[in-house]
Amino acid sequence: MNLSRPARIALRTAAGLGFAAIYLPLLLVLLGSLNPDRSASWPPPGLTLDWWAAAWDNEGARAALWTSVQAGLAATAVALVLGTLIAFAVQRYSFFGREAVSFAVVLPIALPGIVTGIALNSAFSTVLEPLGVGLGMFTVVVGHATFCIVVVFNNVVARLRRLPGSYEEAAMDLGAHTFRVFWDITFPLLRSALLAGGLLAFALSFDEIVVTTFTAGPGVQTLPVWIFNNMTRPQQAPVVNVVAAALVLLSVIPIYAAQRLSSDTPGGGRV
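Residues 444 to 714 in the numbering used here are what the sequence shown spells out, letter by letter.
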């Protein structure tokens with residue numbers, strides 16, 4: 444499509460303003476983490492890495508980071524197993540209610556986080572507490588898995604739609620059983636989609652705060668929750684800026700890797 448010069452200028456201006464609205468606040472957070480003053484003065488009088496060292500020495504921040512990593516890895520593992528199984532069922536088999544199942548799987552990521560958090564909190568209080576299981580790491584993992592499953596499901600379904608069934612049929616004609624076909628044929632073709640879905644699921648879980656607030660017990664504090672709880676403490680402001688900046692930088696890695704993997708062809712090469 445050929446656009447006129449004014450149209451191109453308008454589109455580029457709109458895109459530039461959109462990117463500025465998204466990324467300038469993140470840049471300010473990064474600069475705030477290097478500000479030698481405790482107050483958010485602007486422009487900063489200089490640059491320092493002292494607050495980064497202080498953040499690393501902060502026991503609460505380190506504990507919250509480890510909690511986020513544990514919850515993210517566990518939720519990603521659950522999402523990979525359940526999301527892949529549901530994707531195979533929906534894409535490879537015809538059964539009554541298939542579209543309803545697909546809709547039910549995707550719905551949690553479209554719901555507001557506070558709605559999901561309240562619903563899960565009510566369900567856990569009603570079902571688990573009478574059994575002696577209170578809010579804690581287990582409920583956080585279950586809560587995160589509800590929306591992490593969606594990204595794995597979408598990645599695997601998209602890849603399965605592009606895979607011809609003739610490869611698997613040929614392997615079965617040669618005598619390979621179901622699990623051998625999956626391990627030797629299907630899994631290598633799905634590997635990049637699974638890795639991309641897992642990375643996105645981990646990034647979503649690592650950054651989640653709303654659902655975590657409603658599903659975590661008093662002894663469980665993830666890194667985003669730690670940031671939120673310490674934002675109003677003036678003495679912690681520089682350390683909070685450092686942790687927030689580190690969280691942004693760490694989130695870029697799995698998202699970029701997932702984007703690169705998602706653009707792979709089924710055979711692993713580039714299009």
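Even for Gly, the Cβ is constructed at its ideal location relative to N, Cα and C.
These numbers were taken from a predicted model, which means no experiment stands behind them.
L550 - DSSP class collapsed to helix/strand/coil: The count along the sequence shown starts at 1 and reaches residue 550 at position 107. Helix at L550.
Pairwise C-alpha distance: I696 and S635: Position 192 of the sequence shown, counting from 1, holds the residue named residue 635. Position 253 of the sequence shown, counting from 1, holds the residue named residue 696. Here the C-alpha atom of S635 lies approximately 16 Å from the C-alpha atom of I696.
Mapping DSSP to helix, strand and coil, what is P631? By 1-based counting over the sequence shown, the position of residue 631 is 188. Reduced to three states, the DSSP call for P631 is helix.
Inter-residue spacing [alpha-carbon to alpha-carbon] between V600 and L633: The residue you call residue 600 lines up with position 157 of the sequence shown. The residue you call residue 633 lines up with position 190 of the sequence shown. Going from the Cα of V600 to the Cα of L633 covers about 10 Å.
May I ask which residues mark the beginning and end of the alpha helix (DSSP H) holding F596? By one-based count along the sequence shown, residue 596 stands at place 153. Start and end: M580 to R605.
Does R451 come within less than 7 Å of chain B when only Cβ atoms are used? In the displayed structure, chain B is absent; only one protein chain is listed.
Assigned exposure category for A553 - 16 Cβ within 10 Å defines buried: Start at 1 with the first residue of the sequence shown, and residue 553 comes out as number 110. By the neighbour-count definition (other C-beta atoms within 10 Å, threshold 16), A553 is an exposed residue.
Could you check which residue in V683, Q702 and I628 has the C-alpha nearest to that of W499? Here residue 499 is taken as the residue at index 56 of the sequence shown, counted from 1. It is V683.
Whole-Å CB distance - A700 paired with L642, under 8 Å assumed: Taking the sequence shown and counting its residues from 1, the one referred to as residue 700 is at position 257. Taking the sequence shown and counting its residues from 1, the one referred to as residue 642 is at position 199. Between L642 and A700 the Cβ distance is about 5 Å, and since that is below 8 Å, they are a contact.
According to the Cβ coordinates, are S511 and F671 closer than 7 Å? Position 68 of the sequence shown, counting from 1, holds the residue named residue 511. Position 228 of the sequence shown, counting from 1, holds the residue named residue 671. For S511 and F671, no; Cβs fall outside 7 Å.
Under a three-way DSSP split, which group does I652 fall into? Along the sequence shown, one-based indexing puts residue 652 at 209. Per DSSP, reduced to three states, the secondary structure at I652 is coil, with no helix or strand assignment.
Using a 10 Å radius around the Cβ and a threshold of 16 neighbouring Cβ atoms, would you call F622 buried or exposed? For the purposes of this step, residue 622 is taken as residue 179 along the sequence shown, with counting starting at 1. Under this definition F622 is an exposed residue.
Work out the CA separation of G540 and R505 for me, nearest whole Å. Your numbering for residue 505 matches position 62 in the sequence shown. Your numbering for residue 540 matches position 97 in the sequence shown. Note on geometry: alpha-carbon atoms of R505 and G540 lie some 46 Å from one another.
With C-beta atoms as the reference, is F596 less than 7 Å away from I652? Locating residue 596 in the sequence shown gives position 153, counting from the first residue. Locating residue 652 in the sequence shown gives position 209, counting from the first residue. No, Cβ-Cβ distance for F596 and I652 is not below 7 Å.
Do you know how far the Cα of D627 is from the Cα of P607? Counted from its first residue, the sequence shown places residue 607 at position 164. Counted from its first residue, the sequence shown places residue 627 at position 184. Our two residues, P607 and D627, have alpha carbons roughly 15 Å apart in a direct line.
Closest residue to T655 among L692, Q702 and L578 (Cα-Cα distance): The residue given as residue 655 occupies position 212 in the sequence shown. Nearest of L692, Q702 and L578 to T655, Cα basis: L578.
Leaving out five residues before and five after R602 in sequence, what residues of the same chain have Cβ atoms less than 6 Å from its Cβ? Residue mapping note: residue 602 aligns to position 159 of the sequence shown, counting from 1. Closer than 6 Å at Cβ, skipping near neighbours: L633 and A636.
Check for me: the alpha helix (DSSP H) holding W626 runs from which residue to which? Against the sequence shown, residue 626 aligns to sequence position 183. Taken as a continuous stretch (DSSP letters only), W626 belongs to no alpha helix (DSSP H), as it is neither H nor E.
Tell me which residues share the same chain as A518 and place their Cβ nearer than 6 Å to its Cβ, disregarding the 5 neighbours each side in the sequence. Position 75 of the sequence shown, counted from the first residue, corresponds to residue 518. Once the five neighbours on either side are set aside, the close Cβ partners of A518 are V584, H587, A588, C591 and S648.
Could you give the C-beta distance for F462 and G560, rounded to a whole number, given that I count them as a contact under 8 Å? Position 19 of the sequence shown, counted from the start, is the residue given in the question as residue 462. Position 117 of the sequence shown, counted from the start, is the residue given in the question as residue 560. Actually they do not touch by this definition, with Cβ atoms about 31 Å apart.
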